[in-house]
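Student: My questions will all concern the structure given below.
Following this line, the structure appears as structure tokens:
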């Protein structure tokens, strides 16, 4: 990307292609699935529409499912490229979701059932029942496919060690410390540290290494849970340093919907992290006060790049290019160096429709271009 | 002998989860959801009886969150956005206070299923505490926070009175906000005043349940509140940090972790209870989970209920 100001990057997952979901569920593609495929193939220049249509009519066996998954990845890459992004992935089309995917592909975890997220929404929460273990490089094949097909530069998102531990029950590591049962608070706290560090060492580090060995140039560590328990932020910093030490690639961390003050000063000790990608648009107002949180970086002398969240992923309203430009320029003034700013949606767009996500992404690209002109 | 109770929302069974999901998608009539719900409540009541628990709860299985029923039961409350529930990966709809709050009617049947609880041993009702309720709401109607807390306390007092008529004897007010970081002396005074209203005249046992936070920061004032019992989350508060205070109330000993699937052993729990008794010398002590069990899958939560019963036997 060189000296291009305000490169636009993907930050997380897209909605799943409906024709892929239905096929995997054993359903035949309906008219709306085919319309979706047709519409977005035209928009994005997806070169495999015909093959995709053919597979959708074929038996839903393992080989066809595997190929359709690959096609869905390529489909999403083209979608992001055609929206104008500079850094792409595949919208995580082939991951179950950001928690279950790594946990189901690693050792030491067991699922007991659902817990409630809110109302009548639930998620599966795993228990760590034995020492966590690397089983396979669970993003490797996905990355190799994307690397082969992407026409833009690639950034790989991977769920971080703290979020995996925080979203799991901690049985094994607490049992290891069970002799210290007199102070339950201390027991739980220390067992959590053991858990986070071991996820970093045993699971994340070999996964990162496999991606780097395969040619990954930039990996984004996703940590949406990072500030959930403020006194545990240092666990993440130690874990992050443990699993990223010596890796010869660009590394960044994505945090969202959090009080970023809780990250400081701890994250200043992260050694191999060149960008913090943060959500802001969701909490913004006309005064751009959400972006005032960037002053924290100045306050603590944090000179890293910022992945600037400029589009709210929780609403269908489409931010105008002018609003995006305004947000970028406001942030640039605070940081004092526009070259440190990359631009992205707040978080993954998976809860939006394909139409809304595309409109948001294309306006981000337009807004970044307006800012670029303004700065040149 | 130590009493044993549950202290919050119980998780839904996989069948009820499926039913509620199907209902949201419009694929299952509400009557069928209610049938599965009724089965879950009966099953939980049976489990509590079998495990020899001393005060029975209905599990609040149709409560979408701690405040949602009161959106229906009280005047003046709208539903707001999804908001993180303390340090959990769980969310509630923030109540928005749009006008004066008060209890609409004494018909509480939908959310307090006393009809499904046997008459013995005892019935326990779990309610949001007035301070936490106000603290986690968006106040668009009251000029002062204390006025809102007081009106919520009055509404809860009327709720309690109605529940007493339905045979409830234990009344637990959930107050996680009271032990959240940053509480000030004036706030704690406002909360105390609220309890002079909502716990006033309770014929049974009034409990303030603190959880998710370190109660040692506020316990000195809480021990002066006009309630019978204070529940402590011992996964967030150390026994040693409470030693210096005269624990002049019944201690709700929250040492069964509602947020971890690891099953404690009855022996460990017995040792912990003994230590809490010796260190704090409370008026009395009962064993309870540190918070709702809804953070666990239902099969694990059921094991924790049985564990409570086993521990009770062991301690006896």
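Chains as they are written, first to last, in the working numbering: chain A, 14 to 389; chain B, 288 to 603.
Beta carbons: idealized from backbone N, C-alpha and C, even for Gly.
With three or more C-beta pairs closer than 8 Å as the rule, is the region 191–208 of chain A touching the region 114–134 of chain A?
Tutor: no
Student: What does residue 314 of chain B reach in chain A if we use C-beta pairs closer than 7 Å?
Tutor: Under the 7 Å cutoff, chain A gives no residues; its nearest Cβ is about 12 Å from residue 314 of chain B.
Student: Is there contact here, the region 337–344 of chain B with the region 404–423 of chain B, by at least three beta-carbon pairs under 8 Å?
Tutor: yes
Student: Taking only beta-carbon positions, decide if residue 383 of chain B is within less than 8 Å of chain A.
Tutor: no
Student: What are the boundary residues of the alpha helix (DSSP H) that includes residue 197 of chain A?
Tutor: Per DSSP, residue 197 of chain A belongs to the alpha helix (DSSP H) from 197–211.
Student: On the three-state DSSP scale, how would you describe residue 540 of chain B?
Tutor: strand
Student: For residue 154 of chain A, tell me which candidate among A:177, A:102, A:65 and A:201 has the shortest Cα-Cα distance.
Tutor: A:102
Student: Taking Cβ to Cβ, would you say residue 424 of chain B is nearer than 8 Å to residue 382 of chain B?
Tutor: yes
Student: Using CA atoms only, rank isn't needed, just tell me which of A:198, A:219 and A:92 is closest to residue 502 of chain B.
Tutor: A:198
Student: Quick check on this structure: which residue in A:113, A:19, A:329 and A:40 has the alpha carbon closest to the alpha carbon of residue 97 of chain A?
Tutor: A:19
Student: Report the three-state DSSP secondary structure of residue 14 of chain A (helix, strand or coil).
Tutor: Its pLDDT being 45, under 50, residue 14 of chain A is placed unreliably in this model, and the value from its coordinates should be taken loosely. Of the three classes helix, strand and coil, the one that applies to residue 14 of chain A here is coil, per DSSP.
Student: Are the C-beta of residue 364 of chain A and some C-beta of chain B separated by less than 8 Å?
Tutor: no
Student: Beta carbon of residue 651 of chain B, beta carbon of residue 509 of chain B: below 8 Å?
Tutor: The question about residue 651 of chain B has no answer here: the residues shown for chain B are numbered 288 through 603.
Student: When the Cα atoms are used, what is the spatial distance from residue 533 of chain B to residue 568 of chain B?
Tutor: 8 Å
Student: For residue 352 of chain B, which option in B:302, B:420 and B:334 has the closest C-alpha, if you only look at C-alpha atoms?
Tutor: Answer by Cα proximity: B:420.
Student: So which residues on chain C does residue 35 of chain A lean against when the C-beta distance must stay under 9 Å?
Tutor: Judged by its chain identifiers, the structure shown contains no chain C, and its protein chains are A and B.
Student: Return the residue from the list A:283, A:310, A:312 and A:323 that minimises the CA-CA distance to residue 380 of chain A.
Tutor: A:323
Student: Is the CB of residue 241 of chain A under 8 Å away from at least one CB in chain B?
Tutor: yes
Student: Look at the alpha carbon of residue 14 of chain A and the alpha carbon of residue 99 of chain A, and state the distance between them as a whole number of angstroms.
Tutor: In this prediction, residue 14 of chain A scores a pLDDT of 45, lower than 50, which makes its location untrustworthy; no coordinate-derived value is stated.
Student: In angstroms, rounded to a whole number, what distance separates the CA positions of residue 350 of chain A and residue 318 of chain A?
Tutor: 9 Å
Student: Note down, in chain order, all residues in the region 105–135 of chain A with a beta-carbon under 7 Å from any beta-carbon belonging to chain B.
Tutor: 125, 126, 127, 128, 129, 130, 131, 132, 133 and 135
Student: Identify the residues that DSSP records as bridge partners of residue 267 of chain A: which are they?
Tutor: For residue 267 of chain A, which the question treats as bridged, DSSP gives the partners A:235 and A:290.
Student: Quick check: the region 546–554 of chain B against the region 510–519 of chain B, are at least 3 beta-carbon pairs closer than 8 Å?
Tutor: no
Student: Mark residue 391 of chain A as exposed unless 16 or more other C-beta atoms lie within 10 angstroms of its C-beta, in which case mark it buried.
Tutor: Residue numbering for chain A in the displayed model covers 14 to 389; residue 391 of chain A lies beyond these limits and cannot be assessed.
Student: Closer than 8 Å is the cut-off here; do at least three beta carbon pairs connect the region 357–369 of chain B with the region 225–238 of chain A?
Tutor: no
Student: Closer than 8 Å is the cut-off here; do at least three beta carbon pairs connect the region 234–252 of chain A with the region 260–274 of chain A?
Tutor: Touching, yes.
Student: Based on the DSSP secondary-structure assignment, which residues constitute the bridge partners of residue 488 of chain B?
Tutor: The partner list for residue 488 of chain B (beta bridge, DSSP) is empty, contrary to what the question assumes.
Student: Please classify residue 84 of chain A: does DSSP put it in a helix, a strand, or coil?
Tutor: helix
Student: Might you give, ordered along the chain, the residues of its own chain that have their beta carbon closer than 7 Å to the beta carbon of residue 54 of chain A, omitting 5 neighbours on each side?
Tutor: 62
Student: Where does residue 408 of chain B sit, in a helix, a strand or coil, going by DSSP?
Tutor: coil
Student: Where do the ends of the beta strand (DSSP E) carrying residue 324 of chain A lie?
Tutor: 318–324
Student: Tell whether a beta-carbon distance below 8 Å holds between residue 321 of chain A and residue 355 of chain A.
Tutor: yes
Student: First and last residue of the alpha helix (DSSP H) that includes residue 339 of chain A?
Tutor: Where residue 339 of chain A is concerned, the enclosing alpha helix (DSSP H) starts and stops at 334–348.
Student: Which of helix, strand or coil does DSSP assign to residue 570 of chain B?
Tutor: coil
Student: Using 8 Å as the threshold, is the region 139–149 of chain A in touch with the region 210–221 of chain A, meaning 3 or more CB pairs across them?
Tutor: yes
Student: Might you give, ordered along the chain, the residues of its own chain that have their beta carbon closer than 6 Å to the beta carbon of residue 606 of chain B, omitting 5 neighbours on each side?
Tutor: Nothing can be reported for residue 606 of chain B: it is not among the residues displayed for chain B, which extend from 288 to 603.
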